[in-house]
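**Q** Residue 5 is where the sequence shown starts when you use my numbering, and the numbers rise one by one after that. Glycine is no exception: its CB is placed at the ideal position from the N, C-alpha and C atoms. It should be emphasised that the depicted structure is a prediction, and the values quoted were computed from it without experimental measurement.
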Amino acid sequence: MHYINNNSITYCTDEAKYGVSGRVNPVSERYPVRLTNYYAGLIKSPEDAIWKQCMPDARELEDNTQCPDPLDEKTLSPVPGLIHRYPDRVVLLVSNRCAVYCRFCMRKRMVGSGDEPMGEADLCTALTYIAAHPEIHDVILSGGDPLMLDDDSLSVVLTGLRAIPHVSIIRIGTRVPVTLPARITPELCTLLKQFHPLYINTHFNHPAEITVDSTKACTLLADAGIPLGNQTVLLRGVNDTVETMRTLMTGLLALRVRPYYLHQMDLVQGTAHFRTSVRTGLELMRGLRGHVSGLAVPHYVIDLPGGKGKVAILPDDVEIEGNTLYLRTYTGERVTYQEITVPQE
Ligand SMILES: *Cc1c(COP(=O)(O)O)cnc(C)c1O
Ligand code: SF4
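#1: With distances taken Cα to Cα, identify the nearest neighbour of Pro50 among Ser297, Val242, Thr335 and Gly313.
#2: Please return the same chain residues whose Cβ sits closer than 7 Å to the Cβ of Lys48, not counting the five positions on each side in sequence.
#3: Closest to Phe278 by CA distance: which of Val98, Phe108, Asn68 and Ser146 is it?
#4: So is the beta-carbon of Ile87 under 7 Å away from any non-hydrogen atom of ligand 1?
#5: For Glu247, tell me which candidate among Pro231, Val272, Thr275 and Met289 has the shortest Cα-Cα distance.
#6: Any chance you could list the alpha helix (DSSP H) runs of at least 4 consecutive residues sitting entirely within the segment 128–206, in chain order?
#7: So does His170 have its beta carbon nearer than 7 Å to some heavy atom of ligand 2?
#8: Express the C-alpha separation of Leu331 and Gly310 in angstroms, rounding to a whole number.
#9: Assuming Leu331 is part of the beta strand (DSSP E), what are its boundary residues?
#10: If we ignore side chains and look at the alpha-carbon of each, how far apart do His141 and Leu97 end up?
#11: Regarding Asp307 and ligand 4, is the C-beta to nearest heavy atom distance less than 7 Å?
#12: DSSP has Gln235 in a bridge; who is on the other side?
#13: Roughly how many angstroms separate the alpha carbons of Thr14 and Tyr264, rounded to a whole number?
#14: Who are the Cβ neighbours of Gly26 in its own chain at under 8 Å, not counting the five residues just before and after it?
#15: Among the candidates Leu318, Asp307 and Glu337, whose CA atom is the shortest distance from the CA of Arg89?
#16: Kindly list the residues whose CB is nearer than 8 Å to the CB of Pro211, restricted to its own chain and excluding five residues on each side of it in sequence; keep chain order.
#17: Out of Val272, Ile8 and Gly294, which has the shortest C-alpha to C-alpha gap to Tyr35?
#18: Three or more C-beta pairs closer than 8 Å, one from the segment 197–215 and one from the segment 173–180: is that the case here?
#19: Classify Asp67 as helix, strand or coil using the three-state DSSP reduction.
#20: What are the boundary residues of the alpha helix (DSSP H) that Gly285 is part of?
#21: Leaving aside the five residues before and after Asn9 along the sequence, list all residues of the same chain whose C-beta is less than 8 Å from its C-beta, in chain order.
#22: List the whole-angstrom C-beta distance separating Gln268 from Gly285, where the pair is believed to meet the contact cut-off of C-beta under 8 Å.
#23: Among all the DSSP beta bridges, which residues are the ones paired with Thr40?
#24: Taking the alpha-carbon positions, what's the Arg100 to Gly294 distance?
#25: Provide the residue span of the beta strand (DSSP E) that contains Ile87, from first to last.
#26: Who are the Cβ neighbours of Ser32 in its own chain at under 7 Å, not counting the five residues just before and after it?
#27: To the nearest angstrom, report how far apart Asp156 and Ile87 are at their CA atoms.
#28: Using a 10 Å radius around the Cβ and a threshold of 16 neighbouring Cβ atoms, would you call Ala44 buried or exposed?
#29: Shortest alpha-carbon distance to Gly336 belongs to which of Asn327, Asp320, Lys197 and Val261?
#30: Identify the residues that DSSP records as bridge partners of Glu323: which are they?
#31: How about Arg279: is its Cβ closer than 7 Å to a heavy atom in ligand 2?
#32: To the nearest angstrom, report how far apart Asp73 and Val95 are at their CA atoms.
#33: Using a Cβ-Cβ cut-off of 8 Å (strictly less than) and excluding sequence neighbours within five positions of Tyr105, which residues of its own chain qualify?
Next up, the structure:
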């Protein structure tokens, strides 16, 4: 399998934009740095929300307390490149490359390292595993970024998956609409729409990422009949205010992108400076529910260490006493709700 031709991407090589080199180099030796010219162009000033997401920071090296792989993805991998944590769905890691290396990445331990896409042999083994497990109905292409593969390679993967009758849903997790929107071409959309039901979950974290170009990319995908979702990572100093979250989530809806998950930052080594408290996350969720369209409200989830899976965390707004519920409305009013249930016969 092959990545898209590197010559088709303009990466930012502007040293000035990477900051003071003394501050940057030890970090980039450990965790790769890469950003597209397009994404770098969204930076309006040093330390803004785009800068923080893609520029290396000395604090990445200072954080040595946590595990590089808290989600135990390695032990949940029955064959190389496949994560089988839930009974009916798997993640297939087809690419190790991304257009931009996000400093907060949960797979920081591996993206960019090796930089090889999944090989034919591993793909074959993974497809054989999926074919041998009829309980698998949903396959999520991830990585790295699957859309860093070229169209022919994507076609090979998708054709292989569609040949397995029990695979009903195919999903692609990609940040390319945000970081390299030019990758979303009419040709790519023509290819993808042959494999429906195919869903794409993209990854916007800040309203400044909603631009003419990313809008165009999402429009092409949506017009190809691809349901679009979004996974946002809650990031300190980037999107941890109610105002930013509301603008982001409602902005996505207008692009026909349905907010799906708001992720509490995983306990991944090298990312601690981005982590907010869960209390902050719950405050943000309270700032969304009821205040904006319900379609714009994602699930706030923690991906539990030890590979125990994602758990939705809800504002603790219910007390139950017998048949009486005390609920809090979005305006903060405490309301009594009388439950009425018919006794079972
Ligand atoms: C997140 C995740 C999934 C998909 O979970 P959904 O809640 O269905 O979106 C599947 N497998 C792994 C390993 C995951 O981390
Ligand atoms: S695009 Fe996704 S996988 Fe790639 S570096 Fe960013 S968060 Fe990690």
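**A** Let's see:
#1: If you number the sequence shown from 1, residue 50 lands on position 46. It is Val242 whose Cα lies nearest to the Cα of Pro50.
#2: Mapped onto the sequence shown, residue 48 falls at position 44. Contacts found: none.
#3: Counted from its first residue, the sequence shown places residue 278 at position 274. It is Phe108 whose Cα lies nearest to the Cα of Phe278.
#4: The sequence position of residue 87 within the sequence shown is 83, counting from 1. Ile87: yes, Cβ under 7 Å from ligand 1.
#5: By one-based count along the sequence shown, residue 247 stands at place 243. Nearest of Pro231, Val272, Thr275 and Met289 to Glu247, Cα basis: Met289.
#6: 155–166, 180–183 and 190–196
#7: As a first step, residue 170 is located in the sequence shown; it is residue number 166 there, counting from the start. Checking the Cβ of His170 against ligand 2 gives no.
#8: Locating residue 310 in the sequence shown gives position 306, where the first residue counts as 1. Locating residue 331 in the sequence shown gives position 327, where the first residue counts as 1. Cα to Cα, Gly310 sits roughly 33 Å from Leu331.
#9: Locating residue 331 in the sequence shown gives position 327, where the first residue counts as 1. Thr328 to Arg332 is the span of the beta strand (DSSP E), which, as asked, contains Leu331.
#10: Taking the first residue of the sequence shown as position 1, residue 141 is located at position 137. Taking the first residue of the sequence shown as position 1, residue 97 is located at position 93. Computed Cα separation, rounded: 17 Å.
#11: Ligands in the displayed structure: ligand 1 and ligand 2; ligand 4 is not one of them.
#12: Position 231 of the sequence shown, counted from the start, is the residue given in the question as residue 235. Partner(s): Tyr265.
#13: The residue you call residue 14 lines up with position 10 of the sequence shown. The residue you call residue 264 lines up with position 260 of the sequence shown. Each residue's alpha carbon lies about 30 Å from the other.
#14: The residue given as residue 26 occupies position 22 in the sequence shown. At Gly26, the pLDDT of 42 sits below 50, so the modelled position is not reliable; the number obtained from the coordinates is stated separately. For Gly26, where only same-chain residues beyond five positions count, there are no Cβ hits under 8 Å.
#15: Along the sequence shown, one-based indexing puts residue 89 at 85. Ranking the options by Cα distance to Arg89, first place goes to Asp307.
#16: Residue mapping note: residue 211 aligns to position 207 of the sequence shown, counting from 1. Cβ neighbours of Pro211 beyond the five flanking positions: Thr248, Thr251, Leu252 and Gly255.
#17: For the purposes of this step, residue 35 is identified with residue 31 of the sequence shown, where counting begins at 1. Minimum Cα distance to Tyr35 is reached at Val272.
#18: yes
#19: Counted from its first residue, the sequence shown places residue 67 at position 63. Residue state, collapsed to three classes: coil.
#20: By 1-based counting over the sequence shown, the position of residue 285 is 281. Unbroken alpha helix (DSSP H) run through Gly285: Val282 to Leu292.
#21: On the sequence shown, residue 9 is found 5 positions in, with the first residue counted as 1. The answer, listed in chain order, is Asp154.
#22: Taking the sequence shown and counting its residues from 1, the one referred to as residue 268 is at position 264. Taking the sequence shown and counting its residues from 1, the one referred to as residue 285 is at position 281. Right, the Cβ-Cβ distance comes to about 6 Å (below 8 Å), so this counts as a contact.
#23: Your numbering for residue 40 matches position 36 in the sequence shown. Answer by DSSP bridge pairing, in chain order: Tyr15.
#24: Reading the sequence shown from its first residue, position 96 is the one you call residue 100. Reading the sequence shown from its first residue, position 290 is the one you call residue 294. It should be pointed out that residue 100 corresponds to Asn in this sequence rather than to Arg. About 39 Å.
#25: Taking the first residue of the sequence shown as position 1, residue 87 is located at position 83. Its beta strand (DSSP E) spans residues Leu86 to Tyr90.
#26: Position 28 of the sequence shown, counted from the first residue, corresponds to residue 32. Once the five neighbours on either side are set aside, the close Cβ partners of Ser32 are Pro60.
#27: In the sequence shown, counting from the first residue as 1, residue 156 sits at position 152. In the sequence shown, counting from the first residue as 1, residue 87 sits at position 83. Each residue's alpha carbon lies about 24 Å from the other.
#28: One-based indexing of the sequence shown puts residue 44 at position 40. Ala44 comes out buried.
#29: Along the sequence shown, one-based indexing puts residue 336 at 332. By alpha-carbon distance to Gly336, the top candidate from Asn327, Asp320, Lys197 and Val261 is Asp320.
#30: Locating residue 323 in the sequence shown gives position 319, counting from the first residue. DSSP, once it has assigned bridges, lists Tyr330 as partnering Glu323.
#31: One-based indexing of the sequence shown puts residue 279 at position 275. No, the beta carbon of Arg279 sits no closer than 7 Å to any heavy atom of ligand 2.
#32: Counted from its first residue, the sequence shown places residue 73 at position 69. Counted from its first residue, the sequence shown places residue 95 at position 91. Looking at the two C-alpha atoms, the distance is approximately 15 Å.
#33: Start at 1 with the first residue of the sequence shown, and residue 105 comes out as number 101. These residues qualify, in order along the chain: Tyr35, Pro36, Val37, Arg38, Leu39, Cys58, Val115 and Gly116.
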